[in-house]
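Chemist: This is the structure I have questions about; it appears just below.
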C-alpha cells in the first residue's frame, strides 16, 4: 500500500467539514491499511453529547478521502469497523478499482460553509439530485415549508444554548475571534467565517468573558439577538432525514451521504449554512419534527441553502496545502 502517495493528499482530505471546525479525525498508517479514528480532545462532549455530529464529521472525512484518492488515481475502498472503545470507525484499504464518484478534488477544495447572503430557492432538479443521494441509504431530503415558524424555533434554540454555561464554555473554546489567537489558522470558528465585523467580534469576546456575571441579567437573550436572523439572509432550509433507529456506524455512513449532498449542492453553484442548533435543542428538535411530520430522532442535519453572492472565507485547517 502506497502510504506516501496518500500522505501527499492529506491537505485536501482535511477539507472535510466538522462541527465547530474541530477536525476530530485521525489517521494511523498500518502496513496494509490506513485506519481512521478520532481524538476525544477535538470533540464536543457538551454540545454533541450523543456523538451524532462527531460521527457525521467522521463519515464526511471518509468520503472526502475516497473522493480525493480516486481523483489522484489511487484505488482505495472504505471498510467499516466501528469500535467506540478504541475510537476507530474503519479503514481505507487497497481495492481492485478506483472509488466511483462524480466529484473531484477541486470540488472538495472549493466547497465552503457560507453564513452570508444566499439568494434564490433550491430548484426541483437539485432537490431530485439530493434525493438520489439520500434514498439509497434509506434517507430523504425535505425542504422546511413554514419559514415564519422556523424563525421562532431558531430564536428559541439560540436562547436555550446561550443559557447553558457548559455549552457557552465549550463554544468559547473553539471561537477564534482575534487573528492573534494561536489557533486562528488551524481550527475552530474564526470571526471571518462567522461573518463578524471587527467591532462585533470584540463585542462578542467581551460579552462571553463577562458571561458568569451577565448571564442572570439576560445575556443569553442578547447574545441570541446579536447573532441576527440567518433566515433573513435568504435561501431554502433543507433537512437530511435518516432511517429510524440509526446506530453509530449508520451515522458514520450518513456522514458520507451528507458530504455527497454538500458536494452536489456545490457543483450546482449553491452553498450551505448549517443550522444544527435546531436539532441540538430537544424542544426545537421535537417541534421541527412535528412541522415535517417526521420522528424527531430521524432529523440528522439542517442547513440553509442558496446561491452565494460573494465567495465565503475559507475555514482554517491544521493540515493545509503547501505545509503538509
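Numbering (the numbering used here), first residue to last: -6 to 317. In this text, a Cβ means the ideal position worked out from N, Cα and C, and glycines have one as well.
Would a check of beta-carbon distances place residue 72 closer than 8 Å to chain D?
Modeler: No chain D is part of this structure, which consists of one protein chain only.
Chemist: Which two residues bound the contiguous alpha helix (DSSP H) that contains residue 55?
Modeler: Its alpha helix (DSSP H) spans residues 45 to 64.
Chemist: Have a look at residue 279 and residue 146 and give me their C-alpha separation to the nearest angstrom.
Modeler: Roughly 10 Å separates the two Cα atoms.
Chemist: Please go through the same chain and pick out, in chain order, the residues whose beta-carbon is closer than 8 Å to the beta-carbon of residue 73, but skip the five residues on each side of it.
Modeler: Closer than 8 Å at the Cβ level, and outside the excluded window around residue 73, lie 82, 83, 242, 245, 246.
Chemist: Going by Cα to Cα distance, which pick from 138, 164, 34 is closest to residue 286?
Modeler: When each option's Cα is compared against that of residue 286, the closest is 138.
Chemist: Using the Cβ count rule (16 or more neighbours within 10 Å means buried), how would you classify residue 166?
Modeler: Exposed, by the Cβ-count rule.
Chemist: Enumerated in chain order, which unbroken segments of the beta strand (DSSP E) with a length of 3 residues or greater are wholly contained in the segment 61 to 135?
Modeler: Listed in chain order, the complete beta strand (DSSP E) runs (minimum 3 residues) inside the segment 61 to 135 are 69 to 76, 81 to 87.
Chemist: Quick one, which of 293, 135, 300 has its alpha-carbon nearest residue 240's?
Modeler: Ranking the options by Cα distance to residue 240, first place goes to 293.
Chemist: Use the C-beta contact count for residue 21: other C-beta atoms within 10 angstroms, 16 or more gives buried, fewer gives exposed.
Modeler: Flag for residue 21 reads exposed.
Chemist: Is it the case that the Cβ atoms of residue 217 and residue 151 are separated by a distance below 8 Å?
Modeler: A contact, by the Cβ cut-off of 8 Å.
Chemist: Please report the Cβ distance between residue 235 and residue 291, rounded to the nearest whole angstrom; I am assuming they are in contact, meaning their Cβ atoms lie under 8 Å.
Modeler: Sure, about 5 Å apart at Cβ, within 8 Å.
Chemist: Excluding five sequence neighbours on each side, which residues of the same chain lie with their C-beta closer than 7 Å to the C-beta of residue 337?
Modeler: The structure shown does not extend to residue 337, since the chain spans only -6 to 317, so no value can be given for it.
Chemist: So residue 26 is in the beta strand (DSSP E); what residue range does that whole segment cover?
Modeler: That run of the beta strand (DSSP E) goes 26 to 31.
Chemist: Which class does residue 235 belong to by DSSP, given the choice of helix, strand or coil?
Modeler: Coil, per DSSP.
Chemist: I'd like the list of long-range same chain contacts for residue 322, defined as Cβ closer than 6 Å, with 5 residues on each side in sequence excluded.
Modeler: Because the chain in this structure spans residues -6 to 317, residue 322 falls outside the shown range and cannot be described.
Chemist: Going by C-alpha to C-alpha distance, which of 89, 298, 63, 109 sits closest to residue 260?
Modeler: When each option's Cα is compared against that of residue 260, the closest is 298.
Chemist: Buried or exposed, going by whether 16 or more other CB atoms sit within 10 Å of the CB of residue 115?
Modeler: Flag for residue 115 reads buried.
Chemist: When the distance is taken between beta carbons, is residue 232 closer than 8 Å to residue 40?
Modeler: Taking 8 Å as the Cβ cut-off, residue 40 and residue 232 do not qualify as a contacting pair.
Chemist: Under 8 Å Cβ to Cβ from residue 179, same chain only, skipping five residues before and after it: list those, please.
Modeler: Excluding residues within five positions, the ones whose Cβ falls inside 8 Å are 309, 310, 311.
Chemist: Below 6 Å CB to CB, which residues in the same chain sit around residue 149 once its five sequence neighbours on both sides are set aside?
Modeler: The answer, listed in chain order, is 277.
Chemist: Give every residue of the same chain whose Cβ lies closer than 8 Å to the Cβ of residue 51, excluding the five residues on either side of it in the sequence, and list them in chain order.
Modeler: Counting only Cβ-Cβ distances below 8 Å, and skipping sequence neighbours, we find 17, 18, 29, 31, 82, 245, 248.
Chemist: Bridge partners for residue 23 per DSSP, in chain order?
Modeler: Looking at the DSSP assignment, residue 23 forms a beta bridge with 26.
Chemist: Taking the C-alpha atoms as reference points, what is the distance between residue 206 and residue 123?
Modeler: C-alpha separation (whole angstroms): 46 Å.
Chemist: Straight-line CA distance for residue 109 to residue 188?
Modeler: Cα-Cα distance, rounded: 7 Å.
Chemist: Does the separation of the CB atoms of residue 154 and residue 274 fall below 8 Å?
Modeler: Result yes, Cβ atoms of residue 154 and residue 274 sit closer than 8 Å.
Chemist: For residue 264, write down the residues that DSSP places opposite it in a beta bridge.
Modeler: Bridge partners of residue 264: 299.
Chemist: Would you mind sorting residue 315 into buried or exposed? The rule is 16 or more other CB atoms within 10 Å of its CB.
Modeler: Its pLDDT being 43, under 50, residue 315 is placed unreliably in this model, and the coordinates cannot settle the point.
Chemist: Rounded to whole angstroms, what's the CA-CA distance from residue 282 to residue 237? Just pull it up for me.
Modeler: Straight-line Cα distance between these residues: approximately 13 Å.
Chemist: Drop a sphere of 10 angstroms on the beta-carbon of residue 132, count the other beta-carbons inside from all chains shown, and report buried for 16 or more, exposed for fewer.
Modeler: Result: buried.
Chemist: Can you tell me which residues form a DSSP beta bridge with residue 168?
Modeler: According to DSSP, residue 168 bridges with 182.
Chemist: Tell me which same chain residues have a C-beta within less than 8 Å of the C-beta of residue -5, skipping the five on either side of it?
Modeler: Closer than 8 Å at Cβ, skipping near neighbours: 67.
Chemist: What residue does the alpha helix (DSSP H) around residue 195 start on, and which one ends it?
Modeler: First-last of the alpha helix (DSSP H) with residue 195: 191 to 202.
Chemist: Expressed to the nearest angstrom, what Euclidean distance is found between the alpha-carbon atoms of residue 269 and residue 14?
Modeler: Cα-Cα distance, rounded: 13 Å.
Chemist: On the DSSP bridge assignment, give the partners of residue 18 in chain order.
Modeler: Beta-bridge pairing links residue 18 to 31.
Chemist: From the DSSP output, which residues share a beta bridge with residue 174?
Modeler: Looking at the DSSP assignment, residue 174 forms no beta bridge with any residue, so it has no partner.
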